[in-house]
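Colleague: If you want the numbering used here, it's the position in the sequence shown, counting the first as 1, plus 780. Heads up, the beta-carbon is just placed ideally off N, CA and C, and yes, glycines get one too.
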Amino acid sequence: MYIAILRIIPVLFALVLAAGCGPKSPDPLAEWQAKEADLGSVKQGTEVVHAFEFTNAGAQPLLIREVKPSCGCTAVEWPRQAIKPGESGQIKVRYRASSKTAGMDLKHVTVLANTKPDFTNLYLKAKVVL
Numbered sequence: 781m782y783i784a785i786l787r788i789i790p791v792l793f794a795l796v797l798a799a800g801c802g803p804k805s806p807d808p809l810a811e812w813q814a815k816e817a818d819l820g821s822v823k824q825g826t827e828v829v830h831a832f833e834f835t836n837a838g839a840q841p842l843l844i845r846e847v848k849p850s851c852g853c854t855a856v857e858w859p860r861q862a863i864k865p866g867e868s869g870q871i872k873v874r875y876r877a878s879s880k881t882a883g884m885d886l887k888h889v890t891v892l893a894n895t896k897p898d899f900t901n902l903y904l905k906a907k908v909v910l
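1) Tell me residue 900's beta-bridge partners as DSSP assigns them.
2) Bridge partners of residue 868, per DSSP?
3) Per the contact definition of three or more C-beta pairs closer than 8 Å, is the stretch 831-844 in contact with the stretch 882-896?
4) Give a yes or no on whether the C-beta atoms belonging to residue 881 and residue 856 are separated by under 8 Å.
5) How do the stretch 810-823 and the stretch 846-861 stand: do at least 3 beta-carbon pairs fall below 8 Å, yes or no?
6) Within 10 Å of its beta-carbon, does residue 808 have 16 or more other beta-carbons around it, so buried, or fewer, so exposed?
Structure (structure tokens):
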């Protein structure tokens, strides 16, 4: 009886390892290196660019349909072509610090894609200084 159990354990272990080898999702899946960026201190009126990097960890091509900034002080660039499974891409966000106010500033961009869920919010934080 114990010998039979000892023979089954390595087989079960191998099955568990094999299950983790394939793609994590049958759909497109954006795995982000980070969804938040702290830009630190940014002088009033200055522009800072940050790239949010991601990898398609799914089994289907990832298509970013649109990227919507939360305000006019940010501009975005994103890949217009499909990102194949295993490939990487980035969304560049250009943030311009206000020339009229100082203090903490939190902005976000919404990424709309063919993923589940179909949107992701990415956040920028900056301390606007004189």
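Modeller: Reading from the atomic positions:
1) BP columns for residue 900 point to 891.
2) 835
3) yes
4) No. Outside cutoff.
5) The stretch 810-823 makes no contact with the stretch 846-861: fewer than 3 CB pairs, one atom from each, lie closer than 8 Å.
6) buried
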